[in-house]
Amino acid sequence: MMMNDDRTGPGPDPGPGPVSRADEAGGIARPPDGAVTKPVAGQGPVRIVVVEDHALVREGTAELLERDPGLTVVGQASSAEEALKLIGGQRPDVALVDVELPGMNGIALARAVANQVAETRVLILSAYDDYAYVIGALEAGVAGYLLKTSSARELCDAVRTAAGGALVLDEAISRRLTHHWRTGPGSASPALTARETEVLRLLARGLPNKQIASQLGLGLRTVESHVSSVLGKLGLASRTEAALYAVSHHLTLPERESRPG
């Protein structure tokens, strides 16, 4: 059973304000209906490491995941340092990580995993819905951000989505971001061209300009121009915000569809 964390969150939110908790109508922002994510390596169950410092939450989360025949928990850790060793040895498909950990926090852990075990995708599971946390996590290269108010079904679906190569965003956060972009300054942004939309979809996958250029058959400077245009038209400050925008507007592509051929 997952429990809410009653610890105090961070300071003032630099973003659009706190995101409301997921409710009964909530869920997870996923690729559009009909999209197929890439198969997990080996075609076996998705292998998961759970990283959470509260034993009751950690063990309950692992138990929930194990009930799904398509998922298997290969290890648990109570700290980032312990998790790094475990992930390095087990090399799981997904590491499910809490933000607040003793010592190194979950976002710093995600950055370390991205550098050391690139094949493991980190999915944040947190009680905090602050915009600053979401942005920080995505900038660290996580595969997604999920709230602890999620149901067991939503959690399992999110793990599979992350393992399949798509970016996962809790629906409560997605709804709040969508509302912010629709009602905030510059909400009447000019429509993107078809090419700019393609670039935005690939930005949401965290691809660098060079790889976007290769996939679209464009020159690097052309891609740089498209990226600048996308950010300018949508009033976004960074590639990370562009990824959030794409997910909240259901513009993401599964990894299989973002590759040539």
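Take 99 as the starting number for the sequence shown in this note's numbering and just add one per residue.
Beta carbons are placed, not taken as given, at the ideal position from N, Cα and C, and that holds for glycine.
Treat the numbers as computed from the prediction; the structure is a model and nothing was measured.
Beta-bridge partners assigned by DSSP to Ala175: Val149. Closest in C-alpha terms to Gly239, from the list Leu265, Arg251, Cys254 and Leu253, comes Leu265.
Considered as a whole, the segment 199-240 harbours 204-214 and 229-237 as its complete alpha helix (DSSP H) runs of no fewer than 4 residues, in chain order. Excluding its 5 nearest sequence neighbours in each direction, Glu296 has C-beta neighbours in its own chain below 7 Å: Leu314, listed in chain order.
By the criterion of a C-beta distance shorter than 7 Å, Val171 is surrounded in its chain by Ile146, Val148, Ala160, Leu163 and Glu164, once the five residues flanking it on both sides are discounted. In the three-state scheme derived from DSSP, where H, G and I count as helix and E and B as strand, Thr291 is classed as coil. In the pairwise beta carbon analysis, the segment 242-260 is classified as not touching the segment 325-336: fewer than three pairs are separated by under 8 Å. With contact defined as three or more Cβ pairs closer than 8 Å, the segment 226-245 and the segment 180-188 are not in contact. Cβ-Cβ distances below 6 Å link Arg337 to Leu301 in the same chain, with the five nearest sequence neighbours on each side left out; the list follows chain order.
In the three-state reduction of the DSSP assignment, Ala335 falls in the coil class. In this structure Arg273 is buried. Its beta-carbon is surrounded by 16 or more other beta-carbon atoms within 10 angstroms.
Residue range Ala250 to Ala261 is occupied by the alpha helix (DSSP H) that includes Leu253.
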